[in-house]
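Beneath this line is the structure, given in structure tokens, with notes to follow.
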Amino acid sequence: MNSVGYIALLRNNPNFRCLYIARLISLLGDWFSLLAVLALLRSIGAGTATDFGIALILKSLPVLIATPWAGYFADRYSRIKVMVWSDILRAVLVALFFLVLVFPATTLVYTLIVLQALVATFFEPARTALLPDIVSDEELTAANALGATTWSAMLTIGAALGGVFTEFFGWEWALVIDIGTYVVSMVFLLFIQAPSRVGITGNVSSENWIAFSYMRRHIECWTLVLVKGGWNLVGGVTLMLTLLGEGTFSMGGKMILGVSVLYAARGLGTGIGPILSRYLTQSKPKRMESFIGYGYLCGAVFYIPMYWVDSIGYAIILIILAHIGGATVWVFSTIRLQQTLPEDIRGRIFAFEYAFWTIMFVLSTYSYSFLSDQFHFDSRLLLSVMGGTLLIPFGLWQLRLVWLKR
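My numbering applies: residue 337 is where the sequence shown begins, and numbers increase by one.
Quick look at the structure:
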């Protein structure tokens, strides 16, 4: 497969360029708002690990409710329009967070988090399903690697800037910026011209069953759908990095700054991973599938030693290296699904994948927040335990490769 450069892809493909910029701007706002919501919760007296853990869970759990509809909408209607409406509604919901100035209740905050998550669920399956429609086969690997690097860059930049911004200017202005990013994202999405397609016409239940039946019959498909869920055995890492940044590795008493630095390390690792792995595999399908296993192993090898780390410098290095592996798992599983799935079921299969890794994220976050609050385990110990659990999907993936080779 011929290799396409990242600059050439952005320069020569205006549709991808608009999608890329829209997502870049939107992600920047997302990371601003995550830390802003943490500060908002603290401002109304909700500051425990469980409080923030609940916020993270509520940000993800509604996916399970919306997934059947999100995949169906992505395969039936214009995928661009689905994303545009998702941006519009999220901008409105973020604006409603300001009601907490009048009604300072965690119930209000949690309700808005749930509604925002429900609307957000429709965006990602539509975006992932749209990508093969606006890039060529030769561009697909570069497009996904660049997309993952963008996610990580916005995590790095957004978390760092968001932390500093929230610390000095308050969560209110951070949310204003988040609203603006959704508006800008929507404008760029409207410039995309996707090829015309015939959408599905059946009802939600029957069309989802058709997609599920396809997935069940093809081991190559359903094993790839489970890949991100395997990585999310460490889904609680967001919570643990937050606790580490506020406690063990706080910076001069500025708790949000410590969190920002650790989030940025995670983002740097996920930025390096796709570019490095694409270079090493040369975009060859069999190599990409092998590197999924190496990604799990990389996460385990570098998270297990976290228990013995006392310096934020060493912690940053380990987090970066672990998430080089995580990004490899994430990107290559997406590419292989995009390369092998029929166009008309793409949205629903990616929605199934989204639902599974969300379940794993919720279970991981809840379990580790419970262990932290009830038994007061050191966050570094819990990160080490998380790393050890990645050996399970690593072993299962090796069995999968052997099975398919036979």
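Heads up, the beta-carbon is just placed ideally off N, CA and C, and yes, glycines get one too.
Reference residue i, options the options, closest by Cα
i    : options                   : result
L593 : R736, G499, A456 and T606 : G499
A406 : A441, A462, W367 and N539 : A462
S549 : F688, Y615, K564 and R353 : F688
L558 : L363, R736 and S379       : The question names Leu, but residue 558 in the sequence shown is Trp. The option with the nearest alpha carbon to W558 is R736.
S705 : M576, V455, F692 and S619 : M576
V570 : L616, V665 and P468       : V665
I390 : T457, V445, F439 and W567 : V445
T537 : S379, P729 and I681       : I681
I546 : Y408, Y599, S362 and R378 : Y408
T617 : S542, F668 and F504       : F668
N351 : P678, L562, L525 and L654 : L525
V519 : L732, A427 and P398       : A427
P468 : L726, Q675 and I695       : Q675
V438 : L466, F459, I380 and L717 : I380
Y342 : R614, E582, V436 and M551 : R614
L719 : T517, I416, Y639 and R359 : Y639
G661 : F730, P641 and K741       : F730
V597 : G607, P621 and A651       : A651
F713 : I608, R742 and T584       : T584
Y643 : I611, L717, G631 and Q710 : L717
I493 : E543, S362, T670 and A431 : S362
L476 : I655, R672 and D423       : R672
I695 : R347, L371, L392 and V373 : L392
W507 : L740, S708, L377 and W693 : L377
E556 : I608, E543 and K622       : K622
S542 : R353, R412 and S703       : R412
V420 : F527, Q710, L699 and I608 : F527
C354 : D366, G723, V471 and S422 : V471
M624 : A636, G609, V637 and G635 : G609
N539 : S703, S422, P404 and N349 : P404
G603 : V450, G566 and A489       : A489
A510 : A410, S700, A636 and D366 : D366
L727 : P641, V738 and Y632       : Y632
T725 : K741, V738, S700 and N349 : S700
L732 : S703, S626, S715 and V637 : S626
L482 : F501, S521, D473 and L360 : L360
L429 : V450, A410, V418 and A441 : V450
Span of the alpha helix (DSSP H) around residue i
i    : result
N568 : Per DSSP, N568 belongs to no alpha helix (DSSP H) and is neither H nor E.
F706 : R682 to F711
Q734 : L727 to K741
K417 : R415 to A431
Q452 : T442 to A456
H554 : Element bounds for H554: n/a, residue is neither H nor E.
Q674 : I648 to T676
F638 : P621 to Y639
D366 : P350 to S379
M522 : W507 to L525
D469 : F459 to I470
A412 : Position check: residue 412 holds Arg in this sequence, whereas Ala was assumed. Where R412 is concerned, the enclosing alpha helix (DSSP H) stretches over V399 to R412.
Inter-residue CB distance, residue i and residue j (contact presumed, cutoff 8 Å)
i    : j    : result
A658 : A484 : That belief does not hold up - the Cβ atoms of A658 and A484 are roughly 15 Å apart, past 8 Å.
A453 : L394 : 7 Å
Y599 : T486 : With a Cβ gap of about 16 Å, Y599 and T486 do not count as contacting.
F697 : S369 : No, F697 and S369 are not in contact; Cβ-Cβ is about 18 Å, not under 8 Å.
I685 : V573 : Contact flag wrong, Cβ pair sits at about 26 Å.
A530 : I653 : No, A530 and I653 are not in contact; Cβ-Cβ is about 42 Å, not under 8 Å.
L425 : V455 : 4 Å
T670 : N480 : 6 Å
G371 : V512 : According to the sequence displayed, residue 371 carries Leu and not Gly. Not really, about 14 Å apart at Cβ, beyond 8 Å.
G656 : A601 : For the record, residue 656 in the displayed sequence is Ile; it is not Gly. With 8 Å as the limit, I656 and A601 qualify as a contact, their Cβ atoms being about 5 Å apart.
I628 : V563 : 6 Å
F433 : L448 : 6 Å
G581 : G723 : About 18 Å; that fails the 8 Å criterion.
Chain E within 9 Å of residue i, Cβ atoms only
i    : result
V523 : Among the chains of the structure shown, chain E does not appear; only one protein chain is present.
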